[in-house]
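*Asks:* Residue numbers (my numbering), protein chains in the order written: chain A, 19 to 398; chain B, 19 to 398. Cβ atoms here follow ideal geometry from the backbone N, Cα and C, with glycine treated the same way. Take a look at this one; I'll ask things after.
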């Protein structure tokens, strides 16, 4: 039998068939009229998704490349930056800033904690930039970026936000909230294969470029090229064609609809998990609707849950990272995802936990998830 | 009518349908067993194509990202590097090295010149690295990398070679010739869409890493991850799947067969061009079989040839760059390319030149190209 496969990780995420069809078209040259039309439309759609009037810069890279671009373009060696970290990706900000010789002040919370704007207001004074994470994919926490950005700007620092797993899934009002730099990637809520990194840059950030060495990730070079509908370097034309189609799908019903859909998916997932008698690690709140982190029940290794789901049932969920290894597993529900993906994930988890001898309530998770999804129909 | 499109540029190049089918498969997670098996095979195939026992590092990026990685990982600010430049991509090496604050000595030839090993031996003394270009795509010249590498190593410098448009098309014996660093990309002779950058690193280069800031392109981080069949950052899984299939196709008949094929394509292209009465800009030699640069005939603007071919005939060839703008046009013949692509390109050029009032010999180019291709059957 050909077995079916289910991808329920918080990235890369499943890609709609329309997008897969677009990336498999014959290669076109990046300086021809057809690519330029596609590129222009894609860059315009990105501005809509980023909710910004600024140019969104596109790089052939993983999201981390765009994170590095923010440090390289804004922070000189010895310059003070405040890194707010409460998980794996916050710690990555600190590692990048240290690699560039910045004077890094790490406002470090326990993994899973919710960063507080007051702490940023207190610690951010004198920092050139505050490096923030909107969706900390390792813990499921979605931070209050609006409040954190306000605190950063209040102390005169640039607010730089990693929105790799959140952009397009939860609200991020780049211009309205005054976020200076927003980082994202193609492979999460933007429903495209990995390989494109995205950055929006505010006027304030453009005015404060650093002297750190850079070439491939140099913002000015990329902005100048994009202004001519050119790319500084050969773009990943296939992925750009896919992203264009995916953004068209996303914007067809509008971002508000996508945000409401993710809230409903999050509620459905959490309701099902709780009905089974499992304990949530990620917050039980509507903002944290990107990925749900779940404690394995007593006596069960979370890594074994992940392995069994993958090897026996064709279902890929994500394991815990760092201090959460073996303790939690994570169900991603971003991008091209519907309630039946949630019920499949929950059914698989129920089955795997029973097989591993975990103490779970059977036969309730799926129904409770469907109910929660329906109850949440009027969200927003 | 649906019009057919022909891509005859030296990158991105046409991609075989098997590769397009591979990149359009549903997304798989990069930490699952299926991706790891694919990744391992692909990395092994890369070593075969690079002709090296060293690990080939893979980045989600354009080829320029891999060029920058060589500078960032090997060259510290103030360190002396010799850049050998005779065209657009040689000058890019110099720009990257300057961006990193290196003490750049540019051994600059006229565009289209063939760099001389004696010059490297003379100027290279005291340089940490010599930055070389195997196939200068802007001029069609393929340099004698074996001799240039020997000269660099003779003066104790690392030999770093941009082989973006040449790897897999013309011989490059990384280990046998002692090339320290070889850079390539997915979108040329490797018959895959753009978006993957590749670097092989010799033991001597590993022993001389620099202190320049870097994170995404850090070689050590990537090598450590690849040793575990992991990737330091989310890899472009779709493109990796495509590259794996493309490398399988390339290695099925063997690299020697690919090299001989490119020699035949180059001979066919040059023979047809000359039969038409046009003058070659690129060398009339068998090593330069990546791209053929052709002078536009008297009174014809080469950019108009490119525009007419594209807009009226659906054929994309490349214009001249830099000082060659408007003077030459270029036909790429690398990767998934056969003799009928050459004859189509020549037929299109003949038609366009007649339309533009150029003085060309009609009705001979295609036949002469076919003959030259056949005559060259015993190459190697």
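On a CA-only basis, which of A/209, A/316 and A/318 is nearest residue 27 of chain A? Give me that one, please.
*Replies:* The residue labelled residue 27 of chain A in the question sits at position 9 within the first chain. Residue A/209 is the option with its Cα nearest to residue 27 of chain A.
*Asks:* Using CA atoms only, rank isn't needed, just tell me which of B/389, B/181 and B/43 is closest to residue 286 of chain B.
*Replies:* Here the question's residue 286 of chain B lines up with position 268 in the second chain. The residue with the shortest Cα to Cα distance from residue 286 of chain B is B/389.
*Asks:* Within 10 Å of its beta-carbon, does residue 20 of chain A have 16 or more other beta-carbons around it, so buried, or fewer, so exposed?
*Replies:* As a working note, residue 20 of chain A is residue 2 in the first chain. It counts as exposed.
*Asks:* Taking only beta-carbon positions, decide if residue 232 of chain A is within less than 9 Å of chain B.
*Replies:* For the purposes of this step, residue 232 of chain A is identified with residue 214 of the first chain, where counting begins at 1. Judged by the 9 Å Cβ criterion, residue 232 of chain A is in contact with chain B.
*Asks:* I need the DSSP call for residue 157 of chain B, collapsed to helix, strand or coil.
*Replies:* Along the second chain, read from residue 1 onward, the residue named residue 157 of chain B stands at position 139. Three-state result, residue 157 of chain B: coil.
*Asks:* Let me see if you follow: with CB-CB separation under 9 Å, is residue 42 of chain B close to chain A or not?
*Replies:* Numbered from 1 along the second chain, position 24 holds the residue referred to as residue 42 of chain B. So, interface residue.
*Asks:* Residues of the segment 111-130 of chain A in Cβ contact with chain B at a cutoff of 8 Å, in chain order, please.
*Replies:* Hits within the stretch, in order: 113, 114, 117, 118 and 119.
*Asks:* What is the residue span of the beta strand (DSSP E) that residue 177 of chain A lies within?
*Replies:* Here residue 177 of chain A refers to the residue found at position 159 when the first chain is read from its first residue. That run of the beta strand (DSSP E) goes 176-180.
*Asks:* Quick check on DSSP: helix, strand or coil for residue 313 of chain B?
*Replies:* If you number the second chain from 1, residue 313 of chain B lands on position 295. Strand, per DSSP.
*Asks:* Establish whether the CB of residue 82 of chain A and some CB of chain B are separated by less than 9 Å.
*Replies:* Counting from one through the first chain, the residue named residue 82 of chain A turns up at place 64. Yes, because at least one Cβ of chain B sits closer than 9 Å to the Cβ of residue 82 of chain A.
*Asks:* Roughly how many angstroms separate the alpha carbons of residue 350 of chain B and residue 366 of chain B, rounded to a whole number?
*Replies:* Position 332 of the second chain, counting from 1, holds the residue named residue 350 of chain B. Position 348 of the second chain, counting from 1, holds the residue named residue 366 of chain B. So the two alpha carbons sit approximately 14 Å from each other.
*Asks:* Verify whether the separation of the beta carbon atoms of residue 215 of chain A and residue 83 of chain A is less than 9 Å.
*Replies:* Here residue 215 of chain A refers to the residue found at position 197 of the first chain. Here residue 83 of chain A refers to the residue found at position 65 of the first chain. In contact: residue 215 of chain A and residue 83 of chain A (Cβ atoms closer than 9 Å).
*Asks:* Quick check for students: name the residue ranges of the alpha helix (DSSP H) that lie wholly in the segment 207-232 of chain B, counting only runs of 4 or more.
*Replies:* Those alpha helix (DSSP H) runs which fall completely within the segment 207-232 of chain B and span 4+ residues are 221-224.
*Asks:* Going along chain B in order, which residues have a C-beta closer than 9 Å to the C-beta of residue 45 of chain A?
*Replies:* Looking up residue 45 of chain A in the first chain gives position 27. Going along chain B in sequence order, the residues near residue 45 of chain A (Cβ under 9 Å) are 25, 30, 31, 32, 33, 38, 205, 211 and 212.
*Asks:* Rounded to whole angstroms, what is the Cα-Cα separation between residue 281 of chain B and residue 139 of chain B?
*Replies:* Position 263 of the second chain holds residue 281 of chain B. Position 121 of the second chain holds residue 139 of chain B. If you take the alpha carbons of residue 281 of chain B and residue 139 of chain B, they lie about 29 Å apart.
*Asks:* Exposed or buried, what is residue 372 of chain A when buried is set at 16 or more other beta-carbons lying within 10 Å of its beta-carbon?
*Replies:* Here residue 372 of chain A refers to the residue found at position 354 of the first chain. When all chains shown are included, residue 372 of chain A counts as exposed.
*Asks:* Using 9 Å as the threshold, is the C-beta distance between residue 182 of chain B and residue 29 of chain B below it?
*Replies:* Counting from one through the second chain, the residue named residue 182 of chain B turns up at place 164. Counting from one through the second chain, the residue named residue 29 of chain B turns up at place 11. In contact: residue 182 of chain B and residue 29 of chain B (Cβ atoms closer than 9 Å).
*Asks:* Is the segment 221-233 of chain B in contact with the segment 266-283 of chain A, if contact means three or more CB pairs nearer than 8 Å?
*Replies:* No, they do not touch.
*Asks:* For residue 253 of chain A, which residues in chain B fall below 7 Å Cβ to Cβ?
*Replies:* Position 235 of the first chain, counting from 1, holds the residue named residue 253 of chain A. The answer, in chain order, is 212.
*Asks:* DSSP has residue 426 of chain A in a bridge; who is on the other side?
*Replies:* The question about residue 426 of chain A has no answer, for chain A in this structure spans 19 to 398.
*Asks:* Give the single residue among B/379, B/321, B/278 and B/298 whose Cα lies nearest to the Cα of residue 305 of chain B.
*Replies:* The count along the second chain starts at 1 and reaches residue 305 of chain B at position 287. Ranking the options by Cα distance to residue 305 of chain B, first place goes to B/278.
*Asks:* Hey, which unbroken runs of the alpha helix (DSSP H) at 4 residues or more fall wholly within the segment 130-155 of chain B?
*Replies:* Segments of the alpha helix (DSSP H) lying fully in the segment 130-155 of chain B: 135-141.
*Asks:* Considering only DSSP beta bridges, list what residue 347 of chain A is partnered with.
*Replies:* As a position in the first chain, residue 347 of chain A is number 329, starting the count at 1. According to DSSP, residue 347 of chain A bridges with A/312 and A/337.
*Asks:* Using alpha carbons as the reference points, say which of A/324, A/92 and A/154 lies closest to residue 184 of chain A.
*Replies:* Numbered from its first residue, the first chain carries residue 184 of chain A at position 166. Of A/324, A/92 and A/154, the residue nearest in Cα terms is A/154.
*Asks:* My assumption, with CB atoms under 8 Å, is that residue 41 of chain A sits in contact with residue 260 of chain A. Please give the rounded CB distance.
*Replies:* On the first chain, residue 41 of chain A is found 23 positions in, with the first residue counted as 1. On the first chain, residue 260 of chain A is found 242 positions in, with the first residue counted as 1. That pair is a contact at about 4 Å.
*Asks:* Report the rounded CA-to-CA distance for residue 14 of chain B versus residue 370 of chain B, giving the unit in angstroms.
*Replies:* The shown model of chain B, from 19 to 398, leaves out residue 14 of chain B, and the question about it has no answer.
*Asks:* Strictly below 9 Å CB to CB, what residues from chain A border residue 328 of chain B?
*Replies:* As a position in the second chain, residue 328 of chain B is number 310, starting the count at 1. What residue 328 of chain B touches in chain A: 47, 50 and 51.
*Asks:* Whole angstroms are fine: how far does the CA of residue 363 of chain A sit from the CA of residue 157 of chain A?
*Replies:* Working through the first chain from its first residue, we reach residue 157 of chain A at position 139. Working through the first chain from its first residue, we reach residue 363 of chain A at position 345. Rounded to the nearest angstrom, the two C-alpha atoms are 18 Å apart.
*Asks:* Enumerated in chain order, which unbroken segments of the alpha helix (DSSP H) with a length of 4 residues or greater are wholly contained in the segment 363-394 of chain A?
*Replies:* List check, alpha helix (DSSP H) in window: 383-393.
*Asks:* Could you say if the segment 67-81 of chain A and the segment 65-85 of chain B meet the contact criterion of at least three C-beta pairs nearer than 8 Å?
*Replies:* Counting Cβ pairs under 8 Å, three or more are found: they touch.
*Asks:* By DSSP's criteria, residue 234 of chain B is part of a beta bridge. Which residues make up the other side?
*Replies:* Counted from its first residue, the second chain places residue 234 of chain B at position 216. Per DSSP, none; premise fails for residue 234 of chain B.
*Asks:* According to DSSP, which residues form a beta bridge with residue 126 of chain B?
*Replies:* Residue numbering aside, residue 126 of chain B sits at position 108 when the second chain is read from its first letter. Answer is B/103, bridged to residue 126 of chain B.
*Asks:* Can you confirm whether residue 235 of chain B, when its beta carbon is compared against all beta carbons of chain A, has any partner nearer than 9 Å?
*Replies:* As a position in the second chain, residue 235 of chain B is number 217, starting the count at 1. Residue 235 of chain B counts as touching chain A.
*Asks:* For chain B, is any of its Cβ atoms less than 9 Å away from the one on residue 307 of chain A?
*Replies:* Numbered from 1 along the first chain, position 289 holds the residue referred to as residue 307 of chain A. Output row for residue 307 of chain A: interface = no.
*Asks:* Contact criterion: CB-CB distance below 9 Å. Does residue 187 of chain A meet it with respect to chain B?
*Replies:* By one-based count along the first chain, residue 187 of chain A stands at place 169. With 9 Å as the cut-off, residue 187 of chain A does not count as an interface residue toward chain B.
*Asks:* Mind pulling the chain A residues with CB within less than 7 Å of residue 257 of chain B?
*Replies:* To locate residue 257 of chain B, count along the second chain from 1; it is residue 239. Within chain A, the residues near residue 257 of chain B are 213.
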